[in-house]
Amino acid sequence: MSNGRAGIASRAYRVQYLKSKQWHARRARWFDQNPTQHQCCVCKRMEPQAKRRLELHHIDYRGVTQLLNGGWLANERDEDLLPMHPLCHRLVHELMDNDGALRYMRSRKEATLQAIAKVRARLRSLIGAR
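Residue numbers for the sequence shown follow my numbering, beginning at 713 and rising by one.
As structure tokens, this is what we get:
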């Protein structure tokens, strides 16, 4: 199993699910149910307009189901979604896509947590270099 973003199922998820009204409703519900989550879990920067400016990263896809009619069910658990700035989210995905150890790690959650730690360390070194 791959933690990367390649494959037909992954394409349907990105092209269809993340644009679906079910995902947008689930995303809104997550922010409504987690009103104190105004911090990117990667860079740790507070974001006062979290609902508008943060994305949610899936650490588990078990709640995402494509129906036979092409529709979607969005039943992700709150704890399976992590708030991230778009750039931080992209960096985490790029690392998970390109790092062989993370890509084929048994647990997507563990791969995500290790990717977050690596991206955070890299950001710290860049900021410290100024």
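Where a beta carbon is used, it is the ideal one built from N, C-alpha and C, also for glycine.
- Using three-state DSSP, classify residue 734 as helix, strand or coil. helix
- Would you mind stating whether residue 751 and residue 757 have Cβ atoms separated by less than 8 Å? yes
- Task: Spatial neighbours of residue 842 within its chain, please: CB distance less than 6 Å, with the 5 preceding and 5 following residues excluded, ordered by chain position.
- Result: Interpretation of residue 842 is limited by its pLDDT of 47, a score under 50 that renders its predicted location unreliable; the figure taken from the coordinates is listed afterwards. None.
- Would you decide whether residue 738 is buried or exposed? Buried here means 16 or more other CB atoms lie within 10 Å of its CB. buried
- Determine the contact status of residue 804 and residue 725, defining contact as a CB-CB distance below 8 Å. no
- Message: Spatial neighbours of residue 824 within its chain, please: C-beta separation below 6 Å, excluding the five flanking residues on both sides.
- Response: 771
- Query: With residue 755 and residue 835 assumed to form a contact (beta carbons below 8 Å), what rounded beta-carbon distance in angstroms separates them?
  - Reply: 6 Å
- Task: Indicate whether the contact test is met: 3 or more Cβ pairs, each with one atom in the stretch 786-796 and one in the stretch 760-768, closer than 8 Å.
- Result: yes
- Message: Using a 10 Å radius around the Cβ and a threshold of 16 neighbouring Cβ atoms, would you call residue 718 buried or exposed?
- Response: Because residue 718 sits at a pLDDT of 49, beneath the cut-off of 50, its placement in the model cannot be relied upon, and the following sentence gives the value as read from the coordinates. Flag for residue 718 reads exposed.
- Task: List the DSSP bridge partners of residue 750.
- Result: DSSP output for residue 750 lists no bridge partner at all.
- Message: Using a 10 Å radius around the Cβ and a threshold of 16 neighbouring Cβ atoms, would you call residue 801 buried or exposed?
- Response: buried
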